[in-house]
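For reference, the structure discussed in these notes is given below.
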Amino acid sequence: MRDLTPLIAEALPSLVTLRHELHQHPEIGFHEHGTAARVADRLAKLPGMTLRTGVAGTGVIATLDADKPGPCVALRADMDALPMTEETGLPHASRVPGCAHACGHDGNVTCLVGAAVVLAAIREELRGPVRFIFQPAEEGGGGGRLLCEAGALETPPVAAIFALHAWPGLPIGAIGVRAGPAMASTDSIDIVIHGSGTHAAAPHRGTDPILAAAHVIVALQSIVSRNLDPTQPSVITIARIESGTTYNVIPDRATLCGTLRTLSAAGRAQAREAIRRVAERTAEAYGARAEVRLTPGYPVLTNEAAATAHIERVGRDALGADCVRDVSVSLGGEDFAYYLQHVPGAIWRLGVSASDSSPLVPLHSPRFDFPDAAIPVGVRIHCETVRRFDESVCAGSSK
Ligand code: NI
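Note that this note's numbering gives residue 105 to position 104 of the sequence shown, counting from 1, and the numbers run on in steps of one.
Here's what the structure looks like:
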């Protein structure tokens, strides 16, 4: 097998340029037109590459034909940025007010473009075609689901899919893997507490929805600690509360919004039932009425065991055993979960911190920037994942 080091080194300067361009011009979900155009422009120049653009709005799906037959492996990156203001002060900081690549998707995209460049250069070695999926709207829009529906995993059928995500807390040069349930399901919680408004000095003439809402918030905290399996991580957070207009009026209603995160379908169903029961009956105890709406978001992300073991092997050989870390679950959501409902695969974490002990700048922080030094690591693992894949990796998988 060819040494990829010189090919990655040769591609790196233009990948760094691309990363900075993407970072300066972030676009939120389903608006990634400039990002998609930059990606398509680079991919279209590569030998053996067939492109589909405009998939589910802005998605780009590329297929690299291989000389030899074999299973089709897919790699996926998410293209969208976040509606927030960057505070890095870097020369390549966002030039779009109120929009920033604070989740590092600029880096995720760049690593995938890099993998396309390098794999196209070693096409004669590949056994089976490679699918490159650049999807819109991971940050809440469920672009992954739409791309699955648009045939991203078909013609030819994808045998396995892999993805990376930038991960603060892991040093550059290391990767993190986790088999099984690795990221949470996400349900939105909306609760409206209906009371009856009155003078603030005569509360007995109405029903105070704010007092009921306060008790509902406290009561919801007992669900995770008393109703759910303590060995299965889960979170219920009320993140917004809204009610009232002034000092001396008890309002008619209060609204609460939040999120439920779980790592199992059973925990999710139990928690949903409990949220409804606790909110409705607690409000009732205070003479108010709770109207509960639970909107399903992303499913639990489950990394397939054999696909995760493949990443581990590839990582150990490419980076050294010390640089492949077994990481804990995250209760963040990730719409890569949709692809994994159709084909086996795994998402792995790409280290982006300067060292194990450097201060952590979390994802979604206004000070987060994907480090260019992590690009070669991402490109290398993507490429090795593909060229070392064969049917035996996912043989016996149930999907
Ligand atoms: Ni992200």
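Think of the CB as a built atom: it goes at the ideal place given N, C-alpha and C, for glycine as much as any other residue.
Nearest-angstrom Cα separation, counted from residue j out to residue i
i      : j      : result
Leu147 : Arg124 : 29 Å
Thr296 : Leu261 : 10 Å
Thr156 : Val315 : 27 Å
His343 : Leu91  : 40 Å
Ala37  : Phe31  : 10 Å
Gly108 : Glu126 : 26 Å
Ala220 : Ile348 : 36 Å
His205 : Glu243 : 22 Å
Glu33  : Cys100 : 12 Å
Arg53  : Ile192 : 42 Å
Ala284 : Pro252 : 15 Å
Thr246 : Val293 : 23 Å
Ala103 : Gly207 : 46 Å
Arg317 : Gly55  : 37 Å
Asn228 : Ala240 : 21 Å
Val225 : Asp4   : 50 Å
Leu332 : Thr232 : 14 Å
Val118 : Phe390 : 18 Å
Thr18  : Gly298 : 35 Å
Asp230 : Arg277 : 18 Å
Arg282 : Ser186 : 25 Å
Arg269 : Ile190 : 13 Å
Cys149 : Gly143 : 10 Å
Ala45  : Ala122 : 14 Å
Ala201 : Arg20  : 56 Å
Distance CB(residue i)-CB(residue j) smaller than 8 Å
i      : j      : result
Asp188 : Glu139 : no
Pro169 : Pro363 : yes
Met184 : Ala338 : yes
Tyr340 : Gly334 : no
Leu120 : Val328 : no
Ala63  : Phe133 : yes
Leu76  : Ala164 : yes
Pro402 : Val97  : Residue numbering for the chain in the displayed model covers 2 to 400; residue 402 lies beyond these limits and cannot be assessed.
Ala67  : Pro137 : no
Ile176 : Val325 : yes
Cys73  : Val380 : no
Ala307 : Val394 : yes
Ile194 : Ala289 : yes
Ala291 : Ala280 : yes
Gly198 : Ala213 : no
Gly145 : Asp323 : no
Spatial neighbours of residue i in its chain, beta-carbon cut-off 7 Å, leaving aside the 5 residues before and after
i      : result
Val40  : Val61, Val110, Val114 and Phe135
Leu13  : Ile376 and Pro377
Glu385 : Val315 and Ala319
Ala238 : Correcting the residue type first, residue 238 is Thr in the shown sequence and not Ala. Taken in chain order, the residues that qualify are Gly259 and Thr260.
Glu365 : Note that residue 365 is His in the sequence shown here, rather than Glu. Same-chain partners within the cutoff: Leu83, Ala103 and Cys104.
Integer Cβ distance of residue i from residue j, believed to fall under 8 Å
i      : j      : result
Ala167 : Val353 : 5 Å
Ile173 : Pro372 : 6 Å
Ala319 : Ile382 : 6 Å
Ala82  : Glu28  : 6 Å
Ala272 : Thr263 : 6 Å
His106 : Gln25  : In fact, because the Cβ distance is near 14 Å, the residues do not count as touching under 8 Å.
Val159 : Pro234 : With a Cβ gap of about 30 Å, Val159 and Pro234 do not count as contacting.
Val131 : Leu47  : Contact flag wrong, Cβ pair sits at about 11 Å.
Exposure of residue i, with buried meaning 16 or more beta-carbon neighbours within 10 Å
i      : result
Thr59  : buried
Asn1   : An answer regarding residue 1 cannot be provided, because it is not within the stretch 2 to 400 covered by the chain.
Asp42  : exposed
Glu392 : exposed
Asp209 : buried
Ser359 : exposed
Ser223 : exposed
Thr303 : buried
Met50  : buried
Ile305 : According to the sequence displayed, residue 305 carries Glu and not Ile. That one is buried.
Lys400 : Because Lys400 carries a pLDDT of 47, less than 50, the predicted location of this residue cannot be relied on, and the following value inherits that uncertainty. Flag for Lys400 reads exposed.
Gly321 : exposed
Ala10  : exposed
Leu351 : buried
Leu16  : buried
Cutoff 6 Å; reference residue i; Cβ partners in own chain excluding five residues on either side
i      : result
Gly71  : Arg128 and Gly129
Ile312 : Val178, Ala347 and Trp349
Ala153 : Ile62 and Ile134
Ser95  : Pro27, Glu87 and Ala101
Ile211 : Ser244 and Ala255
Asp357 : Pro172
Ala151 : Val56 and Ala57
Ala374 : Ile173
Residues near residue i in its chain [Cβ-Cβ closer than 8 Å; skip 5 each side]
i      : result
Thr89  : Pro367, Arg368, Phe369 and Asp370
Ala355 : Pro172, Ile173 and Pro372
Gly35  : His26 and Glu28
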